[in-house]
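Worksheet: the structure to be examined is printed underneath.
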């Protein structure tokens, strides 16, 4: 797979970014960046009903290089498989203090030769970044913590309970 096809961007320091996520202690045993197949298997095993409050899945910079629709589908499947989950990924600037870091992140496609996800990444940010994906996936934000001087965010997400009538 090449860059821009849903594959991780080559030559991009994902390992460095992922190692800097300040996961809470209770999340240390949660599965980190599972594949589509692992999520589907977990969703079948739990039948979409994960224990309330259990953290079973962590996503670290796993979504920004997917198309927005694919990212929202992946996030919804992660919630179906694991209930509450933690996700760290990029977001657009919300305050002036976040602008320098956000502008640097916007330059990432030009800084790495195989970051051909430029249009995908731009769409990801234009549609709200990780929080936009969470909304699209029908998830509720339980807690948020800024990362990378405001260019990214760590969210605790939960599926929205649906009223059954």
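Numbering (our numbering), first residue to last: 416 to 580. Even glycine gets a Cβ: it sits at the ideal position worked out from N, Cα and C. The structure displayed is predicted, hence computed values, not measured ones.
Checking the DSSP bridge columns, you'll see residue 571 partnered with 501, 558. For residue 481, the secondary structure class from DSSP, reduced to helix, strand or coil, is coil. Approximately 6 Å separates the beta-carbon atoms of residue 568 and residue 559; this is inside 8 Å, confirming the contact. Contact annotation: residue 570 and residue 545 have beta-carbon atoms nearer than 8 Å. Between residue 437 and residue 503, the alpha-carbon positions lie close to 9 Å from each other. Relative to residue 572, the option among 457, 563, 444, 496 whose CA is nearest is 496. Around the C-beta of residue 557, fewer than 16 other C-beta atoms lie within 10 Å, and the residue is accordingly described as exposed. Around the beta carbon of residue 430, fewer than 16 other beta carbons lie within 10 angstroms, which makes this residue exposed. Following the DSSP letters along the chain, one finds residue 548 in no beta strand (DSSP E) but inside the alpha helix (DSSP H) bounded by residues 544–551. Counted as a single uninterrupted DSSP element, the beta strand (DSSP E) harbouring residue 473 occupies residues 472–475.
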